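Student: Numbering (UniProt numbering), first residue to last: 65 to 410. One structure coming up, written as structure tokens, with questions to follow.
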Ligand code: P6P
């Protein structure tokens with residue numbers, strides 16, 4: 065008979081991961097990689113919450129491969145993520161928004177997963193203490209991409225092409241998640257069996273399961289776009305945006321909510337419904353967000369929650385990557401809202 069849950073039984077992320085491993089949903093190596101990622105997120109949460117106190121706000125004084133001014137915490141968060149993954153001993157290759165090229169980790173003892181991440185997305189919000197987040201995806205390993213290295217080294221162009229060919233979001237993305245640093249620290253994860261939400265209990269530094277098999281509402285009258293770019297959008301997108309403001313027969317237009325932090329805007333969309341969009345425009349021909357470590361992980365999560373992730377014409381998870389930092393337009397959220405957008409852009 066099913067074991068009666070006692071009233072104070074809580075499930076931590078560690079316990080949940082062990083259960084997935086026991087049930088064969090994930091293997092021991094992936095369990096260790098995910099546990100090391102959650103450790104990195106806890107460390108980043110602490111750094112973010114104390115940024116103003118420990119003089120970690122402000123810029124690093126460098127520009128990353130994206131051409132963005134790196135914040136001090138961008139650099140530190142990247143180091144935290146990289147160190148936790150390396151010490152897991154199960155990570156073969158890491159690709160970060162903050163690294164020009166992927167890095168092959170010294171031959172790990174097993175697993176050899178390819179882990180891609182944006183260590184601190186939305187970091188321009190840090191100085192104002194607005195939500196930020198870490199986003200990650202884990203692709204199944206492919207030994208031919210791995211080289212026997214005596215130390216970490218940047219992959220050469222042949223190896224990079226190999227990594228990109230392996231990182232197929234629609235078929236080879238095993239796990240995806242994010243950690244949002246906001247009024248609560250929230251860790252959201254899918255390993256392909258639904259979406260699970262964990263909230264950090266600062267009393268003892270553990271992520272506690274707070275929502276199981278989360279489903280996004282099928283529709284939602286909330287949109288998150290940077291309308292400052294409206295004049296640079298194409299006419300079909302302008303027509304879509306104008307339609308959201310028309311009260312129509314319901315007498316109620318959509319509400320605009322835009323944090324300027326993908327993780328914050330996405331998490332609200334996942335819980336309340338609606339749509340987040342970062343379209344292409346005259347300035348950013350392919351939009352701003354990166355396929356491998358932002359759009360693909362978020363699309364995997366939203367699909368597991370019953371929603372949709374699209375570039376306006378096709379499923380994000382069907383896009384075949386061509387390079388590590390490739391950008392794509394992103395429209396993600398409630399199925400009805402994304403389909404409505406796609407009809408306007410058809
Ligand atoms: P904009 C943050 O830099 C980010 O990558 C996402 O987190 C966020 O949704 C978007 O860019 C904000 O971009 O151009 O509206 O400031």
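All C-beta atoms in this analysis are idealised placements derived from N, C-alpha and C, irrespective of residue type, glycine included. For clarity, every value in this text was computed on a predicted model and none was experimentally measured.
Please output, in chain order, the residues near ligand 3 using a CB cut-off of less than 5 Å to any non-hydrogen atom of the ligand.
Tutor: Ligand 3 is not part of this structure, which contains only ligand 1.
Student: Which partner residues of residue 237 appear in the DSSP bridge assignment?
Tutor: Within the chain shown, numbered from 1, the residue matching residue 237 stands at position 173. Answer is 203.
Student: Below 8 Å on the Cβ atoms is my guess for residue 322 versus residue 330; work out the distance and round it to an integer in Å.
Tutor: Here residue 322 corresponds to residue number 258 of the chain shown, with the count starting at 1. Here residue 330 corresponds to residue number 266 of the chain shown, with the count starting at 1. Wrong, their Cβ atoms sit about 12 Å apart, outside the cutoff.
Student: For residue 380, which of 284, 409 and 233 has the nearest alpha-carbon?
Tutor: Here residue 380 is taken as the residue at index 316 of the chain shown, counted from 1. The candidate whose alpha carbon is nearest that of residue 380 is 233.
Student: Measuring only the C-alpha atoms, how far is residue 147 from residue 300?
Tutor: In the chain shown, the residue the question calls residue 147 occupies position 83. In the chain shown, the residue the question calls residue 300 occupies position 236. Straight-line Cα distance between these residues: approximately 45 Å.
Student: Pull up the distance between the alpha-carbon of residue 309 and that of residue 275, whole angstroms please.
Tutor: As a working note, residue 309 is residue 245 in the chain shown. As a working note, residue 275 is residue 211 in the chain shown. Each residue's alpha carbon lies about 33 Å from the other.
Student: Tell me the start and end of each unbroken alpha helix (DSSP H) in the region 308-396 that is at least 4 residues and wholly inside, in chain order.
Tutor: 326-336 and 360-368
Student: With 16 as the cutoff for other CB atoms within 10 Å, does residue 363 come out buried or exposed?
Tutor: As a first step, residue 363 must be located in the chain shown, where it is residue number 299. So residue 363 ends up on the buried side.
Student: On the DSSP letters alone, give me the boundaries of the beta strand (DSSP E) that residue 286 sits inside.
Tutor: The residue labelled residue 286 in the question sits at position 222 within the chain shown. Residues 286-288.
Student: Per DSSP, what kind of secondary structure is residue 89 in: helix, strand or coil?
Tutor: On the chain shown, residue 89 is found 25 positions in, with the first residue counted as 1. DSSP places residue 89 in coil when its eight states are reduced to three.
Student: Relative to the C-alpha of residue 90, which residue among 162, 314 and 204 is closest?
Tutor: The residue you call residue 90 lines up with position 26 of the chain shown. Nearest of 162, 314 and 204 to residue 90, Cα basis: 204.
Student: Label residue 65 either buried or exposed according to how many other C-beta atoms from any shown protein chain fall within 10 Å of its C-beta, with 16 as the threshold for buried.
Tutor: Here residue 65 corresponds to residue number 1 of the chain shown, with the count starting at 1. Because the pLDDT at residue 65 is just 49, under 50, the model does not fix this residue reliably, and the value given afterwards should be weighed accordingly. It counts as exposed.
Student: Can you tell me whether DSSP reads residue 249 as helix, strand or coil?
Tutor: Counted from its first residue, the chain shown places residue 249 at position 185. The answer is strand: DSSP assigns residue 249 an E or B state.
Student: Does the region 150-169 come into contact with the region 349-357, if we say contact requires no fewer than three beta-carbon pairs (one atom in each stretch) closer than 8 Å?
Tutor: yes
Student: Within the chosen definition, does the region 361-378 reach the region 393-409 through at least 3 CB pairs nearer than 8 Å?
Tutor: yes
Student: Please identify the residue among 221, 252 and 209 whose C-alpha is closest to the C-alpha of residue 328.
Tutor: Here residue 328 refers to the residue found at position 264 of the chain shown. Cα-wise, what sits closest to residue 328 is 252.
Student: Do you know how far the Cα of residue 262 is from the Cα of residue 425?
Tutor: Residue 425 is absent from the structure shown; the chain starts at 65 and stops at 410.
Student: Based on DSSP bridge pairs, tell me the residues matched to residue 149.
Tutor: Reading the chain shown from its first residue, position 85 is the one you call residue 149. Answer is none; residue 149 lacks a bridge partner.
Student: Going by DSSP, which residues form a beta bridge with residue 408?
Tutor: Working through the chain shown from its first residue, we reach residue 408 at position 344. DSSP lists no partner for residue 408.
Student: What three-state label does DSSP hand residue 65 in the structure shown?
Tutor: Your numbering for residue 65 matches position 1 in the chain shown. Residue confidence for residue 65 is low, a pLDDT of 49 falling below 50, so the modelled location carries little weight and cannot support an answer.
Student: Which of the three DSSP states is assigned to residue 83 in this structure?
Tutor: Residue mapping note: residue 83 aligns to position 19 of the chain shown, counting from 1. The answer is helix: DSSP assigns residue 83 an H, G or I state.
Student: Could you tell me whether the Cβ atoms of residue 135 and residue 102 are closer together than 8 Å?
Tutor: To locate residue 135, count along the chain shown from 1; it is residue 71. To locate residue 102, count along the chain shown from 1; it is residue 38. No, Cβ-Cβ distance for residue 135 and residue 102 is not below 8 Å.
Student: Under 8 Å, do residue 219 and residue 168 count as touching if we go by C-beta distance?
Tutor: Mapped onto the chain shown, residue 219 falls at position 155. Mapped onto the chain shown, residue 168 falls at position 104. Yes.
Student: Could you have a look at residue 142 and say whether DSSP puts it in helix, strand or coil?
Tutor: Translated into the one-based positions of the chain shown, residue 142 becomes position 78. Three-state result, residue 142: helix.
Student: How is residue 267 classed by DSSP in three states: helix, strand or coil?
Tutor: To locate residue 267, count along the chain shown from 1; it is residue 203. Residue 267 falls in the coil class under three-state DSSP.
Student: Tell me where the beta strand (DSSP E) around residue 230 begins and ends.
Tutor: Working through the chain shown from its first residue, we reach residue 230 at position 166. Premise fails: residue 230 lies in the alpha helix (DSSP H), 221-230, not in any beta strand (DSSP E).
Student: Tell me, which residues are paired with residue 157 by DSSP?
Tutor: For the purposes of this step, residue 157 is identified with residue 93 of the chain shown, where counting begins at 1. Beta-bridge pairing links residue 157 to 168 and 178.
Student: Got a sec, what are the start and stop residues for the beta strand (DSSP E) residue 134 sits in?
Tutor: Counted from its first residue, the chain shown places residue 134 at position 70. Note, residue 134: beta strand (DSSP E), 133-135.
Student: Helix or strand or just coil, what does DSSP make of residue 306?
Tutor: Locating residue 306 in the chain shown gives position 242, counting from the first residue. In the structure shown, the three-state DSSP call for residue 306 is helix.
Student: Give me the Cα-Cα distance between residue 177 and residue 260, rounded to the nearest whole angstrom.
Tutor: Position 113 of the chain shown, counting from 1, holds the residue named residue 177. Position 196 of the chain shown, counting from 1, holds the residue named residue 260. Rounded to whole angstroms, residue 177 to residue 260 spans 21 Å at the Cα level.
Student: Let's test the definition: count the other Cβ atoms within 10 Å of the Cβ of residue 238 and tell me whether it reaches 16, buried, or not, exposed.
Tutor: Residue 238 sits at position 174 when you count from the first residue of the chain shown. Buried, by the Cβ-count rule.
Student: Give the straight-line distance between the Cα atoms of residue 258 and residue 368, rounded to the nearest whole angstrom.
Tutor: Mapped onto the chain shown, residue 258 falls at position 194. Mapped onto the chain shown, residue 368 falls at position 304. A straight-line Cα-Cα distance of about 5 Å links residue 258 and residue 368.
Student: What did DSSP end up calling residue 119 once you bin it into helix, strand or coil?
Tutor: The residue you call residue 119 lines up with position 55 of the chain shown. Coil.
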